[in-house]
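J.:
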Amino acid sequence: MSRIAYDGQDAAAFAGTRHLAAAALDVWRAAVGRHLPPAQGLRLLDLGSGTGAWAKAFADTYDVIAVEPSGAMRARSEHPHVMIGDAAHIPLADASVDGVWLSTVVHHVPDLVRAAQEIRRVLRPGGPVLIRSAFAGRHDAITLFRYFPEAIRVLDSYPSAASVQEAFGAAGFTVAAFEQIPQCTAVSLRDFASRLRRAAHTPLQLITDAEYATGLARLHAAAARIDGPVIDALDLLVLR
Ligand SMILES: C[S@@+](CC[C@H](N)C(=O)[O-])C[C@H]1O[C@@H](n2cnc3c(N)ncnc32)[C@H](O)[C@@H]1O
Numbered sequence: 000m001s002r003i004a005y006d007g008q009d010a011a012a013f014a015g016t017r018h019l020a021a022a023a024l025d026v027w028r029a030a031v032g033r034h035l036p037p038a039q040g041l042r043l044l045d046l047g048s049g050t051g052a053w054a055k056a057f058a059d060t061y062d063v064i065a066v067e068p069s070g071a072m073r074a075r076s077e078h079p080h081v082m083i084g085d086a087a088h089i090p091l092a093d094a095s096v097d098g099v100w101l102s103t104v105v106h107h108v109p110d111l112v113r114a115a116q117e118i119r120r121v122l123r124p125g126g127p128v129l130i131r132s133a134f135a136g137r138h139d140a141i142t143l144f145r146y147f148p149e150a151i152r153v154l155d156s157y158p159s160a161a162s163v164q165e166a167f168g169a170a171g172f173t174v175a176a177f178e179q180i181p182q183c184t185a186v187s188l189r190d191f192a193s194r195l196r197r198a199a200h201t202p203l204q205l206i207t208d209a210e211y212a213t214g215l216a217r218l219h220a221a222a223a224r225i226d227g228p229v230i231d232a233l234d235l236l237v238l239r
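Position 171, counted from 1, in the sequence shown is what numbering that gives the first Met the number 0 calls 170; the numbers after and before it change by one each time, with no gaps.
Below, the structure is given as structure tokens:
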């Protein structure tokens with residue numbers, strides 16, 4: 000069960016506003032490539048693929064298999080042939096993929112130990128699990144939390160990097176890397192503010208309406224006076 004519904008409204012907001020521009024996708028593709036060097040026929044599982052922006056971005060480099068539990072997200076996927084499944088039920092054979100990518104998914108997974116065991120089953124030995132996330136306690140480099148500081152309490156209810164490491168450690172994984180990856184989230188704060196949709200962000204859905212309204216006013220006031228691109232840094236946790 001996700002923290003939010005990922006129904007038609009959430010999925011439409013996500014598809015409409017959360018896909019990154021090509022330059023930001025390239026930064027992450029390069030980061031993933033350092034841990035899973037591209038080679039003919041490598042299979043990358045995009046687990047919790049959502050509306051398919053990452054699966055599409057990786058499809059030039061790897062044979063991407065997308066798995067996603069929400070029908071509304073699957074219906075809007077930019078990547079074809081998304082399989083039904085979740086982190087505890089991956090519809091793939093043992094040792095059948097070379098890497099696993101989870102982007103902003105781990106906080107929705109109800110049992111990370113079970114998920115780690117299931118990922119261990121489908122991943123070939125030695126292959127990387129690549130977890131892109133905002134972890135508990137790691138709000139400092141993410142613009143959203145500057146204008147919606149009330150949402151930090153939601154982020155702080157997410158798994159920490161240490162707790163994810165522990166869950167995967169129980170399934171035999173060890174940490175290969177923990178990196179902060181800067182990305183251009185929007186060309187300007189004005190663009191960021193105009194495209195913001197509450198339904199596309201779990202931390203904004205889980206604060207009160209009054210807190211959201213206050214944050215939105217803060218954001219629009221800042222957007223009127225601050226120039227320059229919005230650069231965020233999310234974490235990439237790599238386990239093998
Ligand atoms: C914030 S969205 C991220 C989507 C996509 N990975 C991306 O970064 O664009 C979180 C996704 O995780 C999916 N999800 C929720 N619970 C899950 C689970 N237990 N296992 C796998 N995916 C899950 C949701 O349906 C949703 O599509």
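Cβ coordinates follow ideal geometry from the N, Cα and C atoms, glycine included. These numbers were taken from a predicted model, which means no experiment stands behind them.
1) Tell me, please, whether the CB atom of arginine 17 is closer than 8 Å to any CB atom in chain C?
2) Which residue marks the beginning of the alpha helix (DSSP H) containing isoleucine 151, and which one marks its end?
3) At the level of alpha carbons, what is the spacing between alanine 11 and alanine 52?
4) Going by C-alpha distance, which of Ile130, Ala20, Ala185 is nearest isoleucine 230?
5) Which residue from Arg120, Arg217, Ala21, His106 puts its Cα closest to that of valine 96?
6) Inspect the beta-carbon positions of leucine 44 and leucine 111 and report whether they are closer than 8 Å.
7) Using CA atoms only, rank isn't needed, just tell me which of Glu165, Leu235, Gln204, Gln39 is closest to histidine 58.
8) Grouping DSSP H, G and I as helix and E and B as strand, with all else coil, what is leucine 19?
9) Can you find the residues in the same chain that come closer than 7 Å, C-beta to C-beta, to leucine 188, ignoring five residues on each side of it along the sequence?
10) Exposed or buried, which one is threonine 207 when buried takes at least 16 other CB atoms within 10 Å?
11) Taking DSSP as the reference, what is the three-state secondary structure of aspartate 45?
12) Which ranges would you report for the alpha helix (DSSP H) in the stretch 203 to 236 if only whole runs of at least 4 residues count?
T.: In this structure, then:
1) Protein chain content of the structure displayed is limited to a single chain, and chain C is not contained in it.
2) Residues 151 to 154.
3) 13 Å
4) Out of Ile130, Ala20, Ala185, Ala185 has the C-alpha closest to the C-alpha of isoleucine 230.
5) Arg120
6) no
7) Checking the displayed sequence, the identity of residue 58 turns out to be alanine instead of histidine. When only C-alpha atoms are compared, the closest one is Gln39.
8) coil
9) Ala221, Ala222, Ile225, Val229
10) Exposed, because fewer than 16 other Cβ atoms sit within 10 Å of the Cβ of threonine 207.
11) strand
12) 208 to 222
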